Amino acid sequence: MLPGSRARLALGLAIGVFALSPPLASAGHLTVQVTTVQATDSGECDPSLEPLRARLRKVAGYTSYRALADERRTVGWHSEEEFQLPGGRSLLLWPKAMQDHRVVLQVRLLDGTRRLVDTQVRLQNRGFMVFGLGRDGHVGNGATLILLRAEN
Amino acid sequence: MTCADVHQLLGPFVDAELPSPMLLAVARHAGTCPTCDAAVRELTDLREAVAGAVEAAVDGLDLSGVWQTVERAIDRTEARDRRVRHLRRAGTWGAIAALAASWLFLTPTTVQQTEHRAPVAVARVAKRPTEIDRLTGRVASFQREPKTGAPIIWVNYNPDDAR
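Quick look at the structure:
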């Protein structure tokens, strides 16, 4: 095959693949829910968190879970969203795309202006992830869990 | 952690089988190294494609009778063990012949049981879809919720530190 023919073939294939590939970001709405939970070894468990109690106990080790804040919001793609959390903290999100039924998100957890965590995740659609603060005796009175859930 | 280290740990990293500190070390390195990041993504995509195909195949299987089959096989095995103990006490060549016959009789059941177990184990691997592409900051440890595989990032956090 001549070099010019190869180049044309490669260009044609590239254009074909690009034209046939699905768009990265779905046109659908993205709903994000951020729940802040106080985990302790004493006190009652919020009824709303009772279904999660056994699972939270396995990972966090505490017996009681109380919701401090819960916010659910429809967010846009490729735009920054800020969720204010109790205690002067905040969660910054940049929803980037849907890939293979997962939500690609950049997530930044801040304490005031101090950056605690910066991560990019591919979160299962309708799945959740958790940030835990205060275990290992840093706070001494339980831990704070920040549950992040995304649904497209 | 070097690129060579990461490449050796790619498989267990993608399967989240590494201890938390090592998982973090690999994630941190991949966050700053485009080559390793690409390698992680490539392997993740490959495993997901395989797991997806297997999961689709498993979905089509009728596994409703698996446990009944397993329980029957266990009952047979226990009965066989009882017979073996009895025959050993007898200590005759006839006992050895009976043992051989019972082994031949039970072998197909054992094979069938193994065939049912394999796809179930793979399906469990497929149910861990949330992945961390990059992770930096004050991360103390990383773990996954056992049932869903949801990531839990523990932050090294002291609220008394000056803001």
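Chains as they are written, first to last, in numbering that gives the first Met the number 0: chain A, 0 to 151; chain B, 0 to 162. We treat Cβ as the ideally placed atom computed from N, Cα and C, and that holds for glycine. On a predicted model such as this, the values are computed, not experimentally measured, just so you know.
Counting only beta-carbon atoms, is residue i nearer than 9 Å to chain B?
i, result
"F130/A", "yes"
"T30/A", "no"
"T160/A", "Residue 160/A lies beyond the range of chain A shown here (0 to 151); nothing can be said about it."
"V16/A", "In this predicted model, V16/A has a pLDDT of only 42, less than 50, meaning its place in the structure is not dependable; the value taken from the coordinates is given anyway. Not one chain B Cβ lies under 9 Å of V16/A."
"P21/A", "Model confidence at P21/A stands at a pLDDT of 43, short of 50, so the residue's coordinates are unreliable; what they give is reported in the following sentence. Not an interface residue."
"D99/A", "yes"
"D110/A", "yes"
"R54/A", "yes"
"G141/A", "no"
"R65/A", "no"
"R114/A", "yes"
"V58/A", "yes"
"R71/A", "no"
"Q37/A", "no"
"F155/A", "The question about residue 155/A has no answer here: the residues shown for chain A are numbered 0 through 151."
"V74/A", "no"
"V103/A", "yes"
"L92/A", "no"
"G133/A", "yes"
"E49/A", "no"
"G126/A", "yes"
Closer than 6 Å by C-beta to residue i: which residues in its own chain qualify, once you throw out the five before and the five after it? Chain order, please.
i, result
"T22/B", "This sequence places Leu at residue 22/B; Thr is not what is there. So the list reads F141, once near-sequence residues are dropped."
"D117/A", "R107"
"V5/B", "V25, H28, C35"
"R179/B", "Since the first and last residues shown for chain B are 0 and 162, residue 179/B lies out of range."
"Q32/A", "R71, R148"
"G27/A", "N151"
"L115/A", "L108"
"H100/A", "N124"
"T73/A", "H28, T30"
"M0/B", "A24, H28"
If you drop the 5 nearest sequence neighbours on each side, which residues of the same chain put their C-beta closer than 8 Å to that of residue i?
i, result
"Y61/A", "A38, T39, D40, L55, G141, A142"
"R137/B", "V154, N155, Y156"
"G87/A", "D110, G111"
"V13/B", "V39, L42, T43, R46"
"T15/B", "Note that residue 15/B is Ala in the sequence shown, not Thr. Cβ neighbours of A15/B beyond the five flanking positions: L22, R127, R143, G148."
"L17/B", "L8, P11, V25"
"S19/B", "S140, F141, Q142"
"C2/B", "H28, C32, T34, C35"
Which whole-angstrom value is the C-beta distance of residue i and residue j, which I expect to be below 8 Å?
i, j, result
"W93/A", "E79/A", "6 Å"
"A68/A", "S47/A", "About 12 Å separates the two Cβ atoms, so there is no contact after all."
"L9/B", "V39/B", "7 Å"
"G111/A", "A59/A", "At roughly 24 Å, the Cβ-Cβ gap does not stay under 8 Å, so G111/A and A59/A are not in contact."
"K57/A", "P145/B", "6 Å"
"L122/A", "V36/A", "18 Å between Cβ atoms; not a contact."
Does chain A have any CB closer than 9 Å to the CB of residue i?
i, result
"D132/B", "yes"
"V154/B", "yes"
"V138/B", "yes"
"P11/B", "no"
"T31/B", "no"
"P18/B", "no"
"T34/B", "no"
"E47/B", "yes"
"A72/B", "no"
"E41/B", "no"
"Q7/B", "no"
"L23/B", "no"
"A37/B", "no"
"A3/B", "no"
"E77/B", "no"
"A149/B", "yes"
"T68/B", "no"
Who are the Cβ neighbours of residue i in its own chain at under 7 Å, not counting the five residues just before and after it?
i, result
"A139/B", "W153, V154, N155"
"E150/A", "T30, N124, R125"
"D45/A", "Y64, R65, A66"
"I131/B", "A26, P150"
"S89/A", "E81, F82, Q83, L109"
"R52/A", "C44, Y64"
"T135/B", "R27, G30"
"V120/A", "L104, V106, M128"
"G133/A", "G141, A142, T143"
- Message: Suppose only complete runs of 4+ residues qualify. What are the alpha helix (DSSP H) ranges in the segment 23-83 of chain A, listed by chain order?
- Response: 49-59
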